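First the structure, in the form of structure tokens, and then the observations on it.
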Amino acid sequence: MTQKQQTQQKERIVEFELSAMKVRQLNQQPIIESTVSMSEDGKWLIHKTVITDIKPISYYEKVLGNNRKEE
Numbered sequence: 000m001t002q003k004q005q006t007q008q009k010e011r012i013v014e015f016e017l018s019a020m021k022v023r024q025l026n027q028q029p030i031i032e033s034t035v036s037m038s039e040d041g042k043w044l045i046h047k048t049v050i051t052d053i054k055p056i057s058y059y060e061k062v063l064g065n066n067r068k069e070e
């Protein structure tokens, strides 16, 4: 493969559509936010990651209910 062909292959954009099921799965995943900053004195790098997971209360009630039955 020539250099030109390799470049063209890397630049090729692949378009595809996600199925409705895949979109639902992606929407159920946690939201991950990551920030990097420097401390005020400039001595430390601060990497902060926040994971936000949204679940209905009924989910937690069921999980806690099952956990209590095992005890």
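If you read the sequence shown in numbering that gives the first Met the number 0, its first letter stands for residue 0, the second for the next number, and so on. We put the beta carbon where it would ideally sit given N, CA and C, even for glycine. Just so it is clear, the structure is predicted and the values come from calculations on it, not from any experiment.
query: Q27 versus M0, D52, S57 and W43, residue with shortest Cα-Cα distance; result: D52
query: Three-state secondary structure (DSSP) of S57; result: helix
query: P29 beta carbon less than 7 angstroms from that of I56; result: no
query: Per DSSP, cross-strand counterpart(s) of L44; result: M37
query: Start-to-end residues for the alpha helix (DSSP H) that takes in R11; result: First-last for R11: undefined, no H or E at that position.
query: Outcome for T6 when other beta-carbon atoms lying within 10 angstroms are tallied against a minimum of 16; result: exposed
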